[in-house]
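In our numbering, the protein residues as written are 556 to 818. Using N, Cα and C, we set each Cβ at its ideal position, and we do this for glycine too. Since the structure comes first, as structure tokens, the remarks are kept for the end.
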DNA sequence: CATTCATCCTGCTGGC
DNA sequence: TGCCAGCAGGATGAAT
């Protein structure tokens, strides 16, 4: 569910609340999310970092990896409150951080610094990092025979794009999702590259896209769903040319595109 | 190696 | 109204 923009909104909101706070207690309500919480009780929260869709809560030598999967939420409240599908409760000196996850595809793992560095390195290029240049983009696309939609969803190459923003980025780039990466012209690659960051930035300005489960750290929704051009719009007319938007399963995920604007 | 596909889980919606 | 197939913002590991 949450893609880069949603995770980044949560990170920005949370960092203001929890940086410098002490982790006083951890309560694990579902063993699927078990981690040795005692090891980090008493630690100070040094930072909250993001790469792609992954969050890393820095606690001295330990890092807590947080991934929201399809339905994960991180809600900060001043007092302990009950939410549906809560899995892990973090009690901080100034409040409570509740991790909820209806579908249980999320992850909470405690990693030693070295392991965190290794995991971090295995995550692909983050579009908001300084390394995300056209040159590096060309390198990761080099020789790839997979469909461009699959390429965008693969977190080992570029990290953070999920099913909604993949469709939105490809529409804005005028590229058909079935196109193989190695058939894209230089001009098309440039177009694709130049649309990735602006779409994600626009979504962040809207505090993310709420279709179903996504909630900000205060429980409120995002608003980018009102500005989607193709995602979820099968049968509606293309905002650019008026043709009907099509839905097709690509890589087992619903993909939306305009058959006449995207070649 | 690269690529495709089922699978993990729970709940909701739409068609019959 | 009831049932059931299909769908949902992700990622992985097995099979090919």
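**Message:** Going by DSSP, what residue range makes up the alpha helix (DSSP H) through residue 726?
**Reply:** Note, residue 726: alpha helix (DSSP H), 718-728.
**Prompt:** residue 627 bridges to which residues according to DSSP?
**Reply:** DSSP links residue 627 through a beta bridge to 656.
**Request:** Note down the Cα distance separating residue 737 from residue 666, rounded to an integer number of angstroms.
**Result:** Distance between residue 737 and residue 666, taken at the CA atoms: about 37 Å.
**Request:** Alpha carbon to alpha carbon, how far is residue 597 from residue 699? Give it in angstroms, no decimals.
**Result:** Between the C-alpha atoms of residue 699 and residue 597 there is a straight-line separation of about 47 Å.
**Request:** Compare the C-alpha of residue 561 against each of 731, 582 and 622 and name the closest.
**Result:** Restricting attention to 731, 582 and 622, the CA atom closest to the CA of residue 561 is found in 622.
**Prompt:** In whole angstroms, what is the alpha-carbon distance linking residue 580 and residue 766?
**Reply:** Distance between the alpha carbons of residue 580 and residue 766: 33 Å.
**Range covered by the alpha helix (DSSP H) that runs through residue 569** = Note, residue 569: alpha helix (DSSP H), 559-573.
**Message:** Taking the alpha carbon of residue 520 as the reference point, which residue from 771, 755, 625 and 646 has its own alpha carbon closest?
**Reply:** Residue 520 lies beyond the range of the chain shown here (556 to 818); nothing can be said about it.
**Asked** By how many angstroms is the C-alpha of residue 775 removed from the C-alpha of residue 795?
**Response** Taking the CA atoms as reference points, residue 795 sits about 31 Å from residue 775.
**Item:** Other residues of its chain near residue 732: CB distance less than 8 Å, five sequence neighbours each side excluded
**Value:** So the qualifying residues of the chain are 702, 703, 704, 721, 722, 725, 803, 805, 810, 812 and 817.
**Item:** residue 599, DSSP secondary structure in three states
**Value:** When DSSP states are grouped into helix, strand and coil, residue 599 belongs to the strand group.
**Message:** Below 7 Å, is the gap between the Cβ of residue 593 and the nearest heavy atom of the ligand HEM?
**Reply:** Of the ligands one can find in the structure shown there are none, so the ligand HEM has no counterpart to examine.
**Item:** Whole-angstrom distance between residue 798 and residue 676, CA atom to CA atom
**Value:** Each residue's alpha carbon lies about 42 Å from the other.
**Message:** Per DSSP, what are the beta-bridge partners of residue 802 in this structure?
**Reply:** Under DSSP, residue 802 takes part in a beta bridge, and its partners are 811.
**Item:** Burial state of residue 589, where buried means 16 or more other Cβ atoms lie within 10 Å
**Value:** Result: exposed.
**Asked** Who are the near neighbours of residue 603 in its chain, counting only those whose CB is closer than 8 Å to its CB and skipping five residues on each side?
**Response** Same-chain partners within the cutoff: 566, 569, 570, 573, 574, 610, 611, 612 and 613.
**Item:** Contact under 8 Å by Cβ, residue 660 with residue 624
**Value:** Result yes, Cβ atoms of residue 660 and residue 624 sit closer than 8 Å.
**Asked** Does the beta-carbon distance from residue 695 to residue 663 come in below 8 Å?
**Response** The Cβ-Cβ distance between residue 695 and residue 663 does not fall below 8 Å.
**Prompt:** With distances taken from CA atoms, which of 674, 749 and 599 is nearest residue 693?
**Reply:** Sorting 674, 749 and 599 by C-alpha distance to the C-alpha of residue 693 places 749 at the top.
**Item:** Through-space distance from residue 808 to residue 814, alpha-carbon basis
**Value:** Between residue 814 and residue 808, the C-alpha separation is close to 17 Å.
**Asked** So what does residue 675 bridge to, in DSSP terms?
**Response** Among the bridge pairs identified by DSSP, residue 675 is matched with none.
**Request:** Can you tell me which of the three DSSP states residue 759 falls into?
**Result:** In this structure, residue 759 counts as helix in the three-state DSSP scheme.
**Asked** Starting from residue 662 and walking both ways along the beta strand (DSSP E), at which residues does that stretch end?
**Response** From DSSP, the beta strand (DSSP E) with residue 662 extends over 662-667.
**Item:** Proximity below 8 Å, CB of residue 591 to CB of residue 769
**Value:** No, they are not a contact pair.
**Message:** In whole angstroms, give me the CA-to-CA distance for residue 690 and residue 607.
**Reply:** So the alpha carbons of these two residues sit roughly 19 Å apart.
**Item:** Sequence-distant residues of its chain with Cβ nearer than 7 Å to residue 563 (five each side left out)
**Value:** Beyond the five residues adjoining it in sequence on each side, residue 563 comes within less than 7 Å, by CB distance, of 605 and 759 in the same chain, given in chain order.
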